[in-house]
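Here the structure comes first, spelled out in structure tokens, and everything after it is commentary.
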Amino acid sequence: MKEMMTWFKEQKKLHRKCAYQILVQVKEVLAKLPSLVEIMLKETEQITICGDTHGQYYDLINIFELNGLPSETNPYLFNGDFVDRGSFSVEVILTLFGFKLLYPDCFYLLRGNHETDNMNQMYGFEGEVKAKYTAQMFQLFSEVFQWLPLAQCISSRVL
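Following the working numbering, the numbering of the sequence shown begins with 382 at its first residue and continues without gaps.
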């Protein structure tokens with residue numbers, strides 16, 4: 382993950398086969414999840430909750446620098462709106478999906494209103510994916526977004 386994040390910081394594009402593989406694998410992981418994901422934290426445990434990264438890759442990097450990289454002992458929850466508006470939506474979502482694959486039981490992603498075709502067409506994600514990859518790759522992103530959970534229950538509290 383660190384290598385991919387450095388690659389993206391240098392504004393290099395991930396090879397389409399690698400991006401495709403991430404999308405296919407994360408789709409399999411997400412398809413097994415319910416719409417409402419429940420986790421229990423011990424009283425001493427913490428989770429970092431973030432929202433609305435909107436394609437701001439360097440803001441995402443700053444979040445990780447301030448709070449530490451995701452790990453089994455440093456869980457994260459991202460509350461949707463990963464894409465659109467910013468110029469690095471592809472990099473943001475591939476990074477988030479990479480961490481979901483690496484830490485499926487302690488890295489959580491929820492679907493926001495920007496993880497829909499209409500919003501992606503209106504606010505730029507579709508165009509960004511087509512410019513960096515292909516229309517078929519955008520279709521795969523769209524399919525993956527449909528599998529994202531809609532809500533998270535943390536220690537019996539619904540977010």
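Glycine residues also receive a C-beta, built at the ideal position from the N, C-alpha and C atoms.
TODO: Could you tell me the distance, in whole angstroms, from the CA atom of Asp465 to the CA atom of Asn494?
DONE: 11 Å
Open item on the list: If I follow the unbroken alpha helix (DSSP H) through Thr387, where does it start and stop?
Closed with: Where Thr387 is concerned, the enclosing alpha helix (DSSP H) stretches over Lys383 to Lys390.
Open item on the list: Looking at Asp518: is its Cβ nearer than 8 Å to the Cβ of Ala400?
Closed with: At residue 518 the sequence reads Met, which differs from the Asp that was named. Yes.
Open item on the list: What would DSSP say about Ile428, mapped onto helix, strand or coil?
Closed with: Here Ile428 carries a coil assignment [DSSP, helix/strand/coil].
TODO: Report the rounded CA-to-CA distance for Leu490 versus Asn460, giving the unit in angstroms.
DONE: 6 Å
Open item on the list: Less than 8 Å between the beta carbons of Leu475 and Leu395, yes or no?
Closed with: Between Leu475 and Leu395, the C-beta spacing is below 8 Å.
Task: Buried versus exposed call for Tyr439 [16 or more other C-beta atoms within 10 Å across all chains shown] - done: exposed
Task: Residue range of the unbroken beta strand (DSSP E) whose run includes Ile417 - done: In the sequence as presented, Ile is not what sits at residue 417; that position holds Leu. That run of the beta strand (DSSP E) goes Leu417 to Ile420.
Task: Beta-bridge partners of Tyr401, as assigned by DSSP - done: Its beta-bridge partners do not exist; DSSP assigns none.
Task: Whole-Å CB distance - Asn448 paired with Thr429, under 8 Å assumed - done: 5 Å
- [ ] For Leu441, verify whether its CB is less than 7 Å away from any heavy atom of the ligand NAP.
- [x] By its list of ligands, the structure shown contains no ligand whatsoever, and the ligand NAP lies outside what it can speak to.
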